[in-house]
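Written below as C-alpha cells is the structure these notes are about.
Protein chains: 2
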Amino acid sequence: MSIPWDRLLAERAARIRPSLLVDFDRLPASDDLILFSGGAPPLECLPTDRIAEALAETWRAEPEALWYGESQGYEPLRAAIAERMRRRGVAVEPKDVIITNGSQQGIDLIARLLLEPGDRVVVEAPTYFGALQVFEPFDARISTVPVDECGMVIEALERELASAPRPKLIYTVPTFQNPTAVTLDPERRTALVALAERYGVPIVEDDPYGELWFDRPPPPPLRALHPDVLYLGTFSKTLAPGLRVGWLVAPRRLMKLLVDAKEGADIQADRLLQRALTRVLEGDWFERHLEAARANYRERCTLLLRCLERELAGLAAWTAPGGGFFVWVTLPEGVDTDALLVECARHGVAYIPGSAFYPDRTPRPSFRLGFTTLSPAELEEGMARLGRAIRAAVRPSLA
Amino acid sequence: MSIPWDRLLAERAARIRPSLLVDFDRLPASDDLILFSGGAPPLECLPTDRIAEALAETWRAEPEALWYGESQGYEPLRAAIAERMRRRGVAVEPKDVIITNGSQQGIDLIARLLLEPGDRVVVEAPTYFGALQVFEPFDARISTVPVDECGMVIEALERELASAPRPKLIYTVPTFQNPTAVTLDPERRTALVALAERYGVPIVEDDPYGELWFDRPPPPPLRALHPDVLYLGTFSKTLAPGLRVGWLVAPRRLMKLLVDAKEGADIQADRLLQRALTRVLEGDWFERHLEAARANYRERCTLLLRCLERELAGLAAWTAPGGGFFVWVTLPEGVDTDALLVECARHGVAYIPGSAFYPDRTPRPSFRLGFTTLSPAELEEGMARLGRAIRAAVRPSLA
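These protein sequence lines are chains A and B, in that order. By the count of the numbering used here, the first sequence reaches residue 399 at its end, each step adding exactly one. By the count of the numbering used here, the second sequence reaches residue 1399 at its end, each step adding exactly one.
Structure, rendered in C-alpha cells:
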C-alpha cells in the first residue's frame, strides 16, 4: 500500500476553489489575446522608482528588518495607516491595525478566528471570488444577498439574518464593488450596520478600491459607523499587488487572537517592505500618486463605456462605475457567459465570466471587464473584438 | 444588542495557540534580560549587503515583480531549489516545488488540503510549537510519539498508526530537531517511511536546519526515500527569517490543489524577494555563506555545552547537537520549568520552557536553549545567570 491520495483528497479537494488564473490557460490559444480579466494597476503605473528608493533607504537604515519580530506589523506603518483612515472619517489607532499579506490574508485570518465548519456566511451576489476561496475551505455555508444599483439589497439581507441558524459573518465590498462597481448608498450603510448590530452578526468590510474614485469620494467606510466592523484595506490596488501588504482594522477584543492567528499562518509580514512603505507614505507623494491614478483610471473607464455603447447598445446592460477597476456587463437572460468566453477567446479577447463571482458557479448572463491594465489602443481593439464575438454568438440565438 | 464577541469567540479562541513572543512580555521586567529563546541567525550574520545588492539588481531588471502572477512561485527560484535538493540526494524538479511564506505557511497549506476537523495528526513529543499553532485551529486531535537520542521512537509511532481512527498526517523534524536537536538515524528513516507507506499516512518532513550541520552532513532528507513525502524547506535559518521565503516539495497529485490553496491564503508570495533570492543562489556565494554560518554556530554551540558542563553538571542532562540552533536541557523529574522561568527572569536570563513544545502545554522539567543569536560574551554571562538561578531554585527542592 502507498499513500492513498485520491481517498485522502476526496472530500477536501472539492472544497478548495480552483484558481481563475489557471483556468484561463484552458482557453483556445491566441498569440495576442486581449485580457479584460485584470484587477490591478497597469504595469506602467507601478511606482517602481519610489519603492526602489524607499527599499534602498530601508537597507541602509534598518538591516534588522531581516529578522523575526512584529507579528502585528511595523508600528510606524500602522500609525501611517491609522492617520490615513482618520482622514476618511474612521477613528482608528495604530493598535487597532494588523498588517496582512494583502487583504486576502485578512479575510483568511477572520475566518480562522470566527468560523466553525457548517457556519453560515452572508455575501453579496455577485461577490469577490477571493472571499469565496477563503470561506469554502472552512466548510462555510454561503448565503447570498442580491446587489442592485445602490448596493446590497437590505430587505434580502434581513431575511438572511433572521433565518436560522444565525449567520456568523456578513462579507461585503460596499465601495466600488468587485465585480459590479456598485457603491452602497449612505442610507443603506446606516441600515446595514443597524441590522448587523440588531442580529449580533459581525460585518467584514473589504475596501480595496475606496481611494480610487473618479469624480468625488465615496461615503466613509462602514467602519466609521461602528467600531465592531472588521475593515480590510490594501496597497495592492493603490500601489502594487506584488507588495502583498494590506491591513485589517479589528475590534480590540479580537486583536491578540488575530496576531496569534497571523503567527500560526506565516509568523509575520514582510518587515522590509513594511518599512519601505512607511517611507513611501511620508509627505505628499502618495496623495499625488493617487490623484494621477484616479485620473488615469477615469479616462480608461470613460473610453470603455464609450466602446460598450458603440459595440453592445441594445444587446447588453452595464454599470457606470464611480471608481474602482471594473464594469459589470449583463447580457440577456439565458446567455451562458462561460460558453461565450470560449467564443470570445477565438476572437482574441477574454473577460471573467459571471459564474466566478457566485458560490454555486453556475453559468450566468453577466461578465466582468477590468479596464485598468489595458492601454487605450488595447481597450479599443479588445472591445471591437468583444463586440464582434458577442454579436455573432448572441444575436442569432435571440432572433 | 451589539456584536457578542465573547460568545462568538468562546469556542474558537481556545483553539488558537497563543504566541510565545507575546507571553515573554509577561516575565519580570529586566533591563538586560539575556534571551536564549532565539531560533534565528544572529543579526550580525544576516547577509544584508548581498540581499540589498540582489534587490537592487532585481529592480533594474524586473519591475513587473510588483504585479500579480506566479502563484506557485518564480520558476527560476524553484529550479535553483530543485538543483540544491538534487545535490542532497533528493530527485526533485521545479514543478514539484511551491514557494511559501516560510515553511510555516507550508504546514498551513498542507493542513488546509488534508485535515478535517477531528482528524488525528501524529507529532513528535516534544515538537516545533509552530506546527501545533497550525494543527490546533484545524481542530486536529494531536497524538504524540516520544523522541530519544536517535529520533522518533518507531515502535511508538507504529502503535499510533495502528490505532483507530487512522491518523491523517505524520509531522516530523527529522534532522537537528526543534527543540531537541536530535537527528533521526538512517535505520529509523527507512522504518518511518516504510510504516507511513504500509499504513497509508503521509509524512510531512520539516527541514529548516538540515544544511546547518557542524562536523558532517546529516543523512539525506526522508523525501529522498519516497516521493510521497511532503518536504518543507526555508531560507529563514540559512539566510534570514525576515525574507519569509520557504518552499514545499509535494507529490504531483497535490500540486494544483496546493497552488489553489496558496491563492486562497494570500494570492502569491513576494515576487520581488523571490527574484532577488534567485540571484543570491547563483554562483558559490550561498555555499560560502553556509560554510561560514556552520563554523559560527558550531563555535557558539561548543561554548554553550562547555558552560552547561560548568553550571549544571550533575543537575541536568542535555543533548549534544550535530547541527541546528538548539540544546534541550532536562532537569530532574518534577521540576516545573514554567515556574522556574520566572525565577530565571529575575536573574536576568530566559529560555523557552518545555511546555511550549507539547500539545497539552503542561509544565515539564525540560527547556530549550538557542545559542545562535547571542555573542560569546552574552552566552557566558547568560549561562552564569542561568546556573545561579537553577542551582538556587532546584538544589534546595531536591535536598
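We treat Cβ as the ideally placed atom computed from N, Cα and C, and that holds for glycine. Small disclaimer: the values here were computed from a predicted structure and weren't measured.
query	result
Own chain residues within Cβ distance below 8 Å of P227 (chain A), not counting five before or after	A91, P251
Simplified DSSP state of V193 (chain A), which is helix, strand or coil	helix
Listed by chain order, chain B residues near G242 (chain A) by CB distance under 9 Å	E1064, A1065, L1066, W1067, Y1068, G1069, Q1268, D1270, R1271, L1272
Under the three-state DSSP convention, the category W318 (chain A) falls into	strand
Closest Cα partner of D1206 (chain B) within the set B:G1200, B:L1248, B:D1185	B:L1248
Same chain, Cβ closer than 6 Å to Y1199 (chain B), neighbours up to 5 away in sequence not counted	L1161
Local conformation of G1242 (chain B) per DSSP, three classes	helix
Exposure of D108 (chain A), with buried meaning 16 or more beta-carbon neighbours within 10 Å	buried
Contact under 8 Å by Cβ, A1389 (chain B) with E1333 (chain B)	no
Any chain A beta carbon closer than 8 Å to R1216 (chain B)	no
Proximal residues to F1135 (chain B) (C-beta, below 7 Å), its chain only, five neighbours per side dropped	A1111, V1121, I1142
Beta strand (DSSP E) segment containing I1081 (chain B), residue limits	Where I1081 (chain B) is concerned, there is no enclosing beta strand (DSSP E), although the alpha helix (DSSP H) it sits in stretches over 1075 to 1087.
Sequence-distant residues of its chain with Cβ nearer than 8 Å to V394 (chain A) (five each side left out)	L315, L331, P332, V335, L340
G387 (chain A): CB within 7 Å of a non-hydrogen atom of the ligand SAH	In terms of ligand content, the structure shown is empty, and the ligand SAH therefore cannot be addressed.
Alpha carbon of C301 (chain A) to alpha carbon of R364 (chain A), nearest angstrom	23 Å
CB contact below 8 Å: N296 (chain A) versus chain B	no
Inter-residue Cα distance where the pair is A52 (chain A) and A1056 (chain B)	7 Å
Per-residue burial, S1071 (chain B) [other beta carbons within 10 Å of its own, 16 or more giving buried]	buried
Reference E1093 (chain B); option with closest CA among B:E1075, B:S1002, B:H1347	B:E1075
Three-state secondary structure (DSSP) of V22 (chain A)	Residue placement at V22 (chain A) cannot be trusted, given a pLDDT of 42 that sits under 50; what the coordinates show is reported in the next sentence. In the structure shown, V22 (chain A) sits in a helix (DSSP, three-state: H, G or I).
Which residues DSSP lists as bridging S1143 (chain B), in chain order	B:V1122
Which of helix, strand or coil DSSP assigns to V1201 (chain B)	coil
Stretch pair the segment 168 to 181 of chain A + the segment 215 to 222 of chain A: three plus CB contacts closer than 8 Å	yes
Minimum C-alpha distance to R1298 (chain B) - residue among B:Q1268, B:T1048, B:V1193, B:G1370	B:G1370
Terminal residues of the beta strand (DSSP E) in which W1328 (chain B) lies	1326 to 1330
Backbone CA spacing between E62 (chain A) and L132 (chain A) [nearest angstrom]	38 Å
With 16 other Cβ atoms within 10 Å as the buried cut-off, status of P1241 (chain B)	buried
Where K1262 (chain B) falls, given that 16 or more other Cβ within 10 Å makes a residue buried	buried
Cutoff 8 Å: A14 (chain A) Cβ touching any chain B Cβ	no
Interface flag, L1008 (chain B) vs chain A, CB-CB below 8 Å	yes
Contact set between the segment 1037 to 1050 of chain B and chain A, restricted to residues whose Cβ is under 7 Å from the partner	A1040, L1043, L1046, T1048
Minimum Cβ-Cβ distance from D1096 (chain B) to chain A less than 8 Å	no
Short Cβ contact (8 Å threshold) for Y358 (chain A) with P179 (chain A)	no
Partners in chain A for G1102 (chain B), counting only beta-carbon separations shorter than 8 Å	D266, I267
Residue nearest to A1350 (chain B) in terms of C-alpha spacing, selected from B:A1013, B:R1012, B:P1018, B:G1038	B:G1038
Nearest-angstrom Cα separation, counted from F326 (chain A) out to L304 (chain A)	10 Å
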